[in-house]
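S.K.: The numbering of the sequence shown is our numbering, which starts it at 1 and goes up by one. Each residue gets a CB set at the ideal place from its N, CA and C atoms; glycine is no exception.
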Amino acid sequence: MIALSEIQRMSVEERLQAIELLWDSISRLGDAVGSPAWHGEILSARRAKVDAGEGQFLRLSELRDRLKPAS
Numbered sequence: 001m002i003a004l005s006e007i008q009r010m011s012v013e014e015r016l017q018a019i020e021l022l023w024d025s026i027s028r029l030g031d032a033v034g035s036p037a038w039h040g041e042i043l044s045a046r047r048a049k050v051d052a053g054e055g056q057f058l059r060l061s062e063l064r065d066r067l068k069p070a071s
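(1) Do you know how far the Cα of S71 is from the Cα of I7?
(2) Which residues mark the beginning and the end of the alpha helix (DSSP H) in which D51 is found?
(3) Rounded to the nearest angstrom, what separates Q49 and E41 at their Cα positions?
(4) Could you check what DSSP says for S25 in three-state terms: helix, strand or coil?
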């Protein structure tokens, strides 16, 4: 196991590379890593809204604007 102190000594670039390697190794597990039940509940609720014609969609530019920090 890697100690927190070892991670803290890594540069930001090294930490990002480690995250990418970890995510790649986990993503290869496929169905062995399950999603929490609430993920399915949210997806079902969103699908129901779309099916009922109540879904709201944003353009990517609109989403970026929404996510910008308030200045």
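M.R.: Inspection of the coordinates gives the following:
(1) Whole-angstrom Cα-Cα distance: 32 Å.
(2) Here the alpha helix (DSSP H) through D51 covers A37 to D51.
(3) Going by the sequence as given, residue 49 is Lys instead of Gln. Straight-line Cα distance between these residues: approximately 13 Å.
(4) helix
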